[in-house]
Amino acid sequence: MKQIEWKRTLIPYEQAVEELKVKFKSIRNELRAMGEYSPIEFVTGRVKKISSILEKAKKLDVSLEEIHDKIEDIAGIRIMCQFVEDIYTVVDYIRERDGKDLEIVYEKDYITNYKDSGYRSYHVIIRYPIQTALGPKKILAELQIRTLAMNFWAIIEHSLKYKYKRQIPGHINDRLEKAAHAAFKLDQEMSEIRHEIRQAQKLFEIKSNTISNI
Ligand code: 0O2
């Protein structure tokens, strides 16, 4: 496929990523504006790189015509949370919207069933309707919901995989395994004192608002 055709093919995915980012950021902004705790810390999104789409198509043995139905993460949204518990609150928000502005295709719980690599995250594959110049269209998108610690580890591991073309040397892999364990422990420890942390954050917010109103 020529560059220009790829560009056209990916436009609906770009649109979906932008719309979904706005929707999840709005949940966070609305809750904060009401003085409520937001389980969403921040949101990012991306359209998969053409080279990664081609790599995945090869791995899954799918033709270019099939990529829209078979590659589920061309449109990807990442929702970062402070605590593991928040992830499940966000998943509940998504489930509430099932059949409304999105359709859940299936869920993958890599938190309970973490990957051999040490990867932890909660994935929800959705079908998302968009309006295009040629009419309505539904596309697949992957929502990855994770804690800040899970995200930190995943970003580092992903860049090392990229650097070493997926053949990470043993001694670095050992460190990554230890780091995955440390990230897991960090999430556990933070969950244990989550009520204290939330109270402290609330006090800090009140203080900041008071100062900014002076
Ligand atoms: P990018 O650059 O984000 O597009 P499989 O690899 O077959 O086990 P599958 O079917 O590709 O899994 O889907 P899965 O497991 O839902 O993975 C999709 C995305 O999840 C990946 O996209 C990553 O973003 C993330 N992910 C999954 N496993 C790992 C992992 O072990 N480490 C890290 N860092 N991320 C992971 P891509 O295509 O890898 O990359």
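Okay, so the sequence shown: first residue is 1295 according to our numbering, each after it adds one. Glycine included, every Cβ here is placed at the ideal spot set by N, Cα and C. Predicted, not measured: the structure shown is a model, and the values here were computed from it.
In DSSP terms, what residue i is bridged to
i	result
residue 1438	1372 and 1417
residue 1433	1422
residue 1392	1396
Reference residue i; option with closest CA among the options
i	options	result
residue 1450	1314, 1303, 1491 and 1467	1467
residue 1331	1502, 1496, 1359 and 1312	1496
residue 1406	1389, 1396, 1429 and 1444	1444
residue 1319	1337, 1414 and 1492	1337
residue 1400	1431, 1416, 1409 and 1410	1416
residue 1334	1392, 1464, 1382 and 1410	1382
Opening and closing residue of the alpha helix (DSSP H) in which residue i lies
i	result
residue 1400	Counting along the chain, residue 1400 falls outside any alpha helix (DSSP H), though it belongs to the beta strand (DSSP E) covering 1397–1403.
residue 1325	1297–1327
Same chain, Cβ closer than 8 Å to residue i, five either side skipped, listed in chain order
i	result
residue 1365	1342, 1347, 1350, 1351, 1354, 1356 and 1434
Own chain residues within Cβ distance below 6 Å of residue i, not counting five before or after
i	result
residue 1471	1412
residue 1361	1351
residue 1340	1370
Cβ neighbours of residue i in the same chain (closer than 7 Å, five flanking residues each side left out)
i	result
residue 1387	1321
residue 1344	1300
residue 1377	1441, 1484, 1485 and 1488
residue 1307	1341, 1368, 1369 and 1433
Residue span of the beta strand (DSSP E) that contains residue i, given as start and end
i	result
residue 1524	Because the chain here runs from 1295 to 1508, residue 1524 falls outside it and cannot be looked at.
- [ ] Kindly confirm or deny that the stretch 1309–1325 and the stretch 1420–1435 touch, where touching means at least three C-beta pairs closer than 8 Å.
- [x] yes
Open item on the list: Assess contact between the stretch 1367–1376 and the stretch 1428–1442, defined as three or more Cβ pairs (one per stretch) separated by less than 8 Å. Is contact present?
Closed with: yes
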